[in-house]
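Engineer: Under our numbering, the residue at position 69 of the sequence shown is numbered 71, and the numbers go up by one with no gaps.
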Amino acid sequence: MTPYALPDAAPAGGGPSRRERRRQRTTMNVEHEINLLVEEIRRLGTKNADGQVSVKFGVLFADEKCANLFEALVGTLKAAKRRKIVTYQGELLLQGVHDNVEIMLLQD
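#1: Does LEU62 come out as helix, strand or coil in the three-state DSSP assignment?
#2: According to the Cβ coordinates, are HIS100 and PHE59 closer than 8 Å?
#3: Give me the residue from PHE63, LEU71, VAL55 with the minimum Cα distance to ILE87.
#4: How close, in whole Å, do the beta carbons of VAL61 and LEU46 come, if the pair is a contact with beta carbons under 8 Å?
#5: Roughly how many angstroms separate the alpha carbons of LEU79 and GLY17, rounded to a whole number?
#6: Please classify LEU95: does DSSP put it in a helix, a strand, or coil?
#7: Thinking C-beta only, is VAL57 closer than 8 Å to ILE105?
#8: Given this structure, state the Cα-to-Cα distance separating HIS85 from GLY77, to the nearest angstrom.
#9: Who pairs with ILE105 in a beta bridge, going by DSSP?
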């Protein structure tokens, strides 16, 4: 084992390993960003006849507050889509090309 390798096993004290702690921090950061995304979709979006909130990608991308909040808006959207919190057409959204794509909030 090199001095820089992270141990897979838990330390002798029985707590989580460094790798597990890092994974937990990353997961918490993603969850936090998704929660912020949901708040911003509610703030910028409109309700449809079914009561679901949606916002166009261009509106979300161009918003100054969102630009300051999200280091990687597209990555946060993809993570939220994988967790079935939002839905939208396509896999990768690009500014300009996909400005009119509706991002629909599926969960509150």
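For each residue, glycine too, the CB sits at the ideal point set by N, CA and C.
Owing to the predicted nature of the structure, the values given are computational and were not obtained by experimental measurement.
Structural biologist: The relevant details are as follows:
#1: helix
#2: yes
#3: VAL55
#4: 6 Å
#5: 33 Å
#6: coil
#7: yes
#8: As written in the sequence, residue 85 is Arg, which differs from the His given in the question. If you take the alpha carbons of ARG85 and GLY77, they lie about 13 Å apart.
#9: VAL57
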